[in-house]
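Step one of this worksheet: look at the structure below.
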Amino acid sequence: MNVLVTGANGFLGRHVVTALVQQGHSVQALVRPASPADLRLGEGPINLVRGDLRSTSTNELESMFAGVDALVHLAAAVKGDDEAQFRGTAVGTERLLDAMARTATRRLVLASSFSVYDWSRARGVLREASPFLSGTRHYERDGYAIAKVAQETHTRRAAARHGWDLTVLRPGFIWGRGNADFAALGQRIGPFRLVFAPFGRIPITHVENCADLFAKVVDDPRAFGRTFNVVDGDSARVLPHLLEFRRQTGEKGPILPVPYLVGYWTTRLAQATSRLIFRGKGKLPSLLVPLRFEARFKPLRFPNALAREVLGWSPPLNHQECVRRTYVRSPTHHPRSA
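For the sequence shown, the numbering used here assigns the number 339 to the last residue and increments by one with no breaks.
Written out as structure tokens, the structure is:
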């Protein structure tokens, strides 16, 4: 298949491009216009296409779909203020899908996120059927979550309207070389690292494992019309993962473990106090907003059973190999590890 990949030079995108080529596909890799002129994303049938979903003309976006069998849409804004993230993620997606609707391409794989779940309503286990963030509650989350909710909502509507074969993949925290620290591992405050729910599970997927599933679902009809969480398993816990990170990177400073409920009720108290003093107009640090705190640290279980049962998928790299590729050397191949 000829696959158009947006966000192709991002942290996940580079690995998805590699995985697609290894699966025998050719790739149209969409990268930002400001990307280096000598940018290379790997060996094989990869054609670089330059464009910005927010500003590239509609005709140019439409032309990118010439001969394309499937779109893997990874592009999302992860930096900037809330408005910039919404414009880069949600508005960019609308423009891209409007262009796709005028082409013959009918296969679409969307990179969504665990951010779209309503973590407050999740009980015990977070799975694909867990409540989606809706109503006005999502405006209490960060700009990334707001944008991803809008992106997935619009994509589902467009797919239904045009009869596309849509698969939605929702990765947890993606980690790997160059991105080994992430929100669930706690908050740095000066020399200290506050670690919430230190023995709780964390929904993580190594970037190469995550990319493997994206490549596998592209041409698998069992994935059409389905949504899958992307996590490597249900055994990773916060403190052991953090200790491995510190051992590998040499990070110093005291760790201050905080039970989840202590942290959560602290955020509720901070919110109530802010509303009382500032009459709802005060702005709390992100860490002290209850809904954001839950989405980073709430201790749940995170199975990948649906991908296993429907697709027969299991992460190709075990945890030991993921650690080695993240900290010891750059990955050069993609073998299946036991």
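Here a beta-carbon is modelled for each residue, glycine too, at the ideal position from N, C-alpha and C.
{"query": "Evaluate the contact criterion for the region 312-328 versus the region 204-219: three or more CB pairs, one atom per stretch, below 8 Å.", "result": "yes"}
{"query": "Which first and last residues belong to the alpha helix (DSSP H) in which I147 is found?", "result": "144-163"}
{"query": "Label T327 either buried or exposed according to how many other C-beta atoms from any shown protein chain fall within 10 Å of its C-beta, with 16 as the threshold for buried.", "result": "buried"}
{"query": "Just checking my contact of V345 with V169 at CB under 8 Å: how many whole Å lie between their CB atoms?", "result": "Absent from the model: residue 345. The displayed extent of the chain is 2 to 339, so no value can be given."}
{"query": "For Q29, which beta-bridge partners are listed by DSSP?", "result": "L5, N48"}
{"query": "With distances taken from CA atoms, which of F197, P317, R88 is nearest V150?", "result": "R88"}
{"query": "Cα-Cα, which of S36, T7, T19 is closest to L98?", "result": "T7"}
{"query": "E1: buried (16+ other C-beta within 10 angstroms of its C-beta) or exposed?", "result": "Nothing can be reported for residue 1, as the shown portion of the chain is limited to 2 through 339."}
{"query": "Should L62 be labelled buried (16 or more other beta-carbon atoms within 10 Å of its own) or exposed?", "result": "buried"}
{"query": "From L277, R96, P172, pick the residue whose C-alpha is nearest to that of N305; which is it?", "result": "P172"}
{"query": "Can you round the beta-carbon distance between V17 and F215 to whole angstroms, since I take them to be within the 8 Å contact cut?", "result": "5 Å"}
{"query": "Excluding the 5 residues flanking E209 on each side, which residues of the same chain have their C-beta closer than 8 Å to its C-beta?", "result": "H16, A20, G177, P317, L318, C323, R326, P332, H335"}
{"query": "Take the Cβ of A67 as the centre, count every other Cβ of all protein chains shown within 10 Å, and call the residue buried at 16 or more, exposed below.", "result": "exposed"}
{"query": "To the nearest angstrom, how far is the alpha carbon of R194 from that of Y140?", "result": "28 Å"}
{"query": "At what residues does the alpha helix (DSSP H) containing V218 begin and finish?", "result": "208-218"}
{"query": "Would you report the Cα separation of S56 and L111, rounded to the nearest angstrom?", "result": "21 Å"}
{"query": "Would you call the CB atoms of F115 and A308 closer than 9 Å?", "result": "no"}
{"query": "How is the beta strand (DSSP E) around Q24 delimited, first residue to last?", "result": "Looking at the DSSP string, Q24 is not in any beta strand (DSSP E), and its letter there is neither H nor E."}
{"query": "Looking only at its own chain, which residues have a Cβ that is under 8 Å from the Cβ of P255, when we skip the five neighbours before and after it?", "result": "P192, F193, R194"}
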